[in-house]
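My numbering puts the first residue of the sequence shown at 8, with every later residue one more than the last.
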Amino acid sequence: MSDYFKNINEIKFEGENSTNPLSFRFYDENKIVMGKKMKDHLRFATCYWHTFTWPGLDPFGGPTFDRPWMTSSDPLKMAEMKLNEAFDFFQKIKTPFFCFHDRDISPEGSNYKETQNNFFHIIDLMESKMEETGTQLLWGTANAFSHKRYMSGASTNPDPEVFAYKAAQVKDCMDATKKLGGSNYVLWGGREGYETILNTNMKLEMDNLRRFLELVVEYKHKIGFSGQILLEPKPHEPTKHQYDFDSASCLAFLRKAGLENEIKLNIEANHATLSGHSFEHEISYAIANEVLGSLDINRGDTLLGWDTDQFPNSVSELILPFYHIFSNGGLKQGGLNFDAKIRRQSIDPEDLFYAHIGGMDTCAKTLLATEKLLNDNILPEYIKKRYQNWGKDLGSFIHSKEASLESIQNKVIDDNIEPKPRSGNQEYLENILNKYL
Ligand code: XUL
Ligand code: CO
């Protein structure tokens, strides 16, 4: 029996003028946008960790959330209660997908075997819940960063026993993700980095990270998992330096390891801004290099320098990310995972709903704006025109095999080439974009 959310009914679309805070004003799941249902474009996922597992801690204060499944008695029973409540929530909020870490859904036991039994016990129950409700798994992942055994890294730990422990854990989690029909498997290198170079052999750590990823890819093929394997870049936090800093450093690493065709990226908004980039930069970089896998959707706070993981609430922040995604084929096997948490003062069951409703409505409103932006075609036409000379004689010559620095120089002299600067029209373009917000 689930009763934590008993006072809340299924959230319905009521339209823009609705004053009911427990309704959608823009997310109309079956509405056709750009030829497809809204829900199939957006592929929303609720995350298990922030929404059901995080108790409202901050570095200066203890738990603030009074959830019935967070008491200390019988951890496995608590995990079962959490599972029931989570599926009740998924059905009421109507995110078609969810995501989990192994340790969000089931407790560690006193040894590996016991932990494994707890995990597969919950996975079996989860499988039945998924069948019963039709909720799907966007991705699974292993938490190899919270327990103290991982304090100096997981696959980049100085101790091979820790590497082995993580490998065992990831094998189980990949098996579970496959069993549940997950569309992706995510690897976020929570502590795959270092605190001080004084005690760190960077070359060996990076070789070991490569070895770990090779083993993951090998196992994916062995078990016939058809989902995508995704790395999730983040520049720092918890460690000071992380090896998977941003899209560009992940891609460089993957290329050196020869894994660029096997592993794609799960890009998170607040990780992008922590690395000094915008969300749209990280997304377009991944698209340009054919490694966009999925998105963790949230937002940071410009006044705070850490990962605040707030729910998205601004169309103007999302319009450029969406424009790039939907002008390049959409999310495909990926989705929009709300890797976002309510504030620790938001302690009512309704607060979890308000947060997701706000995030889903903001994304839906952005999708509608993106449709207009793409239909009007002003921005794509502008870009096409700006680069059009690359399709003409000189551009084609430069790309041809005959071109060399000497022959290009001859052209400059013979054809009297004197480039004339042309405006980038930034403010004009910003005004155009504003019309859609
Ligand atoms: C941490 C983070 C993780 C990953 C999954 O900042 O984003 O929750 O998404 O491990
Ligand atoms: Co994330």
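From the three backbone atoms N, C-alpha and C, an ideal C-beta is built for every residue, glycine too.
Taking its Cβ as the centre, do 16 or more other Cβ atoms sit within 10 Å of residue i, making it buried, or is it exposed?
i      : result
Phe67  : exposed
Ala419 : The identity of residue 419 in the sequence shown is Val, whereas the question assumes Ala. Label assigned to Val419: exposed.
Arg74  : buried
Asp166 : exposed
Met209 : exposed
Gln433 : exposed
Tyr435 : exposed
Gly307 : buried
Ile349 : buried
Arg429 : exposed
Lys19  : exposed
Arg32  : buried
Lys185 : buried
His288 : buried
Ile405 : exposed
Lys89  : buried
Ser254 : buried
Leu258 : buried
Arg393 : exposed
Asp95  : buried
Gly200 : buried
Thr377 : buried
Leu310 : exposed
Gln416 : exposed
By DSSP's criteria, residue i is part of a beta bridge. Which residues make up the other side?
i      : result
Val193 : Leu237
Ile274 : Leu302
Cys106 : Cys54 and Trp146
Asn344 : Ala52 and Asp303
Gln249 : Gly200
Asp445 : Since the displayed the chain opens at 8 and closes at 444, residue 445 lies outside it and no answer follows.
Phe31  : Phe20
Lys43  : Val40
Gly68  : Asp65
Between residue i and residue j, is the Cβ-Cβ spacing less than 8 Å?
i      : j      : result
Ile112 : Tyr172 : no
Pro240 : Leu272 : yes
Gly366 : Pro319 : yes
Ser256 : Asn215 : no
Glu275 : Asn305 : yes
Ile130 : Ala183 : yes
Glu1   : Gly160 : Because the chain is modelled from 8 through 444, residue 1 falls outside the range shown and cannot be assessed.
Lys99  : Glu17  : yes
Ile290 : Leu237 : no
Asp383 : Asp346 : no
Asp251 : Leu281 : no
Tyr34  : Met45  : yes
Ser9   : Glu92  : yes
Tyr11  : Pro356 : yes
Ser321 : Thr369 : yes
Leu359 : Thr102 : no
Asn125 : Pro114 : yes
Pro28  : Tyr361 : yes
Between residue i and residue j, which are expected to be in contact by the criterion C-beta below 8 Å, what is the C-beta distance as a whole number of angstroms?
i      : j      : result
Glu21  : Ser30  : 4 Å
His108 : Ala149 : 7 Å
Leu374 : Leu343 : About 10 Å separates the two Cβ atoms, so there is no contact after all.
Leu145 : Phe97  : Actually they are not in contact, since the Cβ atoms of Leu145 and Phe97 sit about 11 Å apart, beyond 8 Å.
Gly197 : Pro245 : 6 Å
Gly341 : Asn191 : 7 Å
Ile332 : Tyr443 : Their Cβ separation, rounded to whole angstroms, is 15 Å, which puts Ile332 and Tyr443 out of contact at 8 Å.
Leu83  : Glu134 : With a Cβ gap of about 17 Å, Leu83 and Glu134 do not count as contacting.
Phe170 : Phe219 : 7 Å
Met158 : Lys227 : Actually they are not in contact, since the Cβ atoms of Met158 and Lys227 sit about 28 Å apart, beyond 8 Å.
Measuring from the CB of residue i, is there a heavy atom of the ligand GTP at a distance below 7 Å?
i      : result
Asp303 : Among the ligands in the structure shown, the ligand GTP does not appear; only the ligand XUL and the ligand CO can be found there.
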